[in-house]
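Trainee:
2 protein chains.
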Amino acid sequence: MILNMPNPLTQNTGFLLASVAAHASKTYEAALAELGFHPHHIGVLELVAAQQPIVQSRIAEQLGIFKPVIVTLVNELEAKGLIKRHPHPTDKRALEIHLLPKGIKTLDKIRQTSTTTLAQFLSPLSKTEQQQFHASLTKLSKA
Amino acid sequence: MILNMPNPLTQNTGFLLASVAAHASKTYEAALAELGFHPHHIGVLELVAAQQPIVQSRIAEQLGIFKPVIVTLVNELEAKGLIKRHPHPTDKRALEIHLLPKGIKTLDKIRQTSTTTLAQFLSPLSKTEQQQFHASLTKLSKA
DNA sequence: TATTGTTATACTCTATAACTATA
DNA sequence: TATAGTTATAGAGTATAACAATA
C-alpha cells in the first residue's frame with residue numbers, strides 16, 4: 004500500500020499516519036460507494052438523526068461543510084426518500100430537516116457496513132492493541 | 004480540533020484516525036509553508052537525494068504523482084537552486100535530476116523542522132505509547 | 001510503436017459571491 | 001442590517017490528451 008519512497012520517510016510516524024489514514028478512508032469510501040453514498044451523506048444523516056429537526060445552516064456549521072454543498076447533499080438524500088424538508092414553524096426563511104423511516108433503516112445499514120469495514124481494517128492488531136491505538140488517537144485528538 | 008459531531012461518530016476509531024491524520028497533515032503543511040515548500044516538493048527532494056541521478060519519469064512513478072505535476076515541481080526546485088536538470092548521457096529524451104549543495108542543506112533543514120513538528124504532535128503520548136502507536140501504524144500499513 | 005518531457009485541456013472539490021425572501 | 005436557502009462563479013488540485021523529439 005505504501006509507495007516506493009526513500010526508507011527514512013516510510014519509517015516516519017507522520018508519513019505512516021497519513022498513509023494508513025488515506026488507505027482507511029479509501030476503503031471506507033469504497034464500501035459506502037457500493038451503497039450509493041459519499042462520506043458527506045453520512046455526516047448529514049448522522050447529524051439529522053442526532054438533532055432532528057435541524058435547519059440546513061446548522062448542518063453546514065457543525066460539519067464544517069459549505070452551505071452550497073449542503074443543498075446538494077440534502078437534495079440527494081431527499082430524492083432517495085431518506086429525509087424531508089419541512090417549513091420551519093416560526094422562521095419562514097428556514098427549512099427543517101426530518102429523518103424519514105427509510106432514512107433510519109438506511110442509516111442502520113450504513114452503520115453496520117462501517118463497523119464491519121473498520122473491524123476488518125483493524126484486524127492486524129490484537130484486541131489490546133486496538134484499544135491502545137484508539138486511546139492514543141483520542142489523546143492526540145484532544146491536544 | 005474535532006467538529007461538533009454526533010457522539011457515536013466522534014468515538015469511532017476510523018473517524019478519529021481521519022481527524023488526527025488531517026490535523027497532523029495540516030500542521031506539517033503549515034510548517035513547510037513557512038519554509039516556502041509544499042509536501043510534494045519534499046517527496047521529490049527526498050527521492051532525488053536517495054536515488055540521484057534520477058530521471059523525471061521515475062520520480063512520477065515512484066511518488067504516484069502525474070508527470071505534468073512533476074514538471075512544475077522540478078521547475079520550482081530548480082528555480083530555487085536546490086536541484087539541476089542535466090542531459091542524460093545516453094538517452095537524449097531524458098533529463099537527469101541532480102541534487103545541488105544548496106539542496107542538501109535545505110533538505111537537512113526541512114528534516115529538522117519535520118522532526119520537531121512531529122515530536123510536538125506526538126507529545127501528548129508517553130515514549131512507550133509513541134512506540135506502540137508507531138508499531139500499530141506499521142502493522143496496519145502492511146496489511 | 002513506445003517513451004520522455006512538455007503544454008494544453010478537462011474534471012472534481014472546495015470556496016466565494018450574489019440573489020431572494022424573510023428576520 | 002443580518003440570516004436562510006439557493007444559484008452561479010471562481011479557484012485549487014488532480015487526471016487526461018496531445019505534441020515534438022527520440023528510442
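Line by line, the protein sequences are chains A and B. Going by our numbering, the first sequence opens with residue 4, and the numbers climb by one from there. Going by our numbering, the second sequence opens with residue 4, and the numbers climb by one from there. All C-beta atoms in this analysis are idealised placements derived from N, C-alpha and C, irrespective of residue type, glycine included.
#1: Give the secondary structure of A:Val23 by DSSP, where H, G and I count as helix, E and B as strand, and everything else as coil.
#2: For B:Val47 and A:Ser117, what's the separation of their Cα atoms in angstroms?
#3: Taking only beta-carbon atoms, is A:Phe69 less than 9 Å away from chain B?
#4: Is any beta-carbon of chain A found at less than 9 Å from that of B:Val23?
#5: Would you grab the beta carbon distance between B:Gln65 and B:Leu50 for me? Rounded to a whole angstrom, and I think it's under 8 Å.
#6: Comparing the C-beta of A:His101 with each C-beta of chain B, is any distance below 9 Å?
#7: Measuring straight from C-alpha to C-alpha, what distance separates A:Glu132 and B:Leu103?
#8: Within a Cβ cutoff of 7 Å, which residues of the same chain sit near A:Ile68, ignoring the five residues on either side of it in sequence?
#9: Span of the alpha helix (DSSP H) holding A:Arg88?
#10: Of all the beta strand (DSSP E) runs that stay within the bounds of the region 31-94 of chain A, which reach a length of 3 or more residues?
#11: B:Leu143: which of B:Glu99, B:Gly17, B:Thr13 sits nearest, CA to CA?
Mentor: From the atom records:
#1: Judged by DSSP in its simplified three-state form, A:Val23 adopts helix.
#2: Distance between the alpha carbons of B:Val47 and A:Ser117 is about 36 Å.
#3: With respect to chain B, the C-beta atom of A:Phe69 has no partner C-beta closer than 9 Å.
#4: The beta carbon of B:Val23 falls within 9 Å of a beta carbon belonging to chain A, placing the residue at that interface.
#5: Confirmed, Cβ separation roughly 6 Å.
#6: It does not: the Cβ of A:His101 has no partner Cβ on chain B nearer than 9 Å.
#7: When rounded, the distance between both Cα atoms is 44 Å.
#8: Shown here for A:Ile68: same chain residues with a beta carbon closer than 7 Å to its own, the five before and five after excluded, namely His43 in chain order.
#9: No alpha helix (DSSP H) holds A:Arg88; the beta strand (DSSP E) holding it covers 86-90.
#10: As far as the region 31-94 of chain A is concerned, its whole beta strand (DSSP E) runs of at least 3 residues are 86-90.
#11: The shortest Cα separation from B:Leu143 among B:Glu99, B:Gly17, B:Thr13 belongs to B:Gly17.
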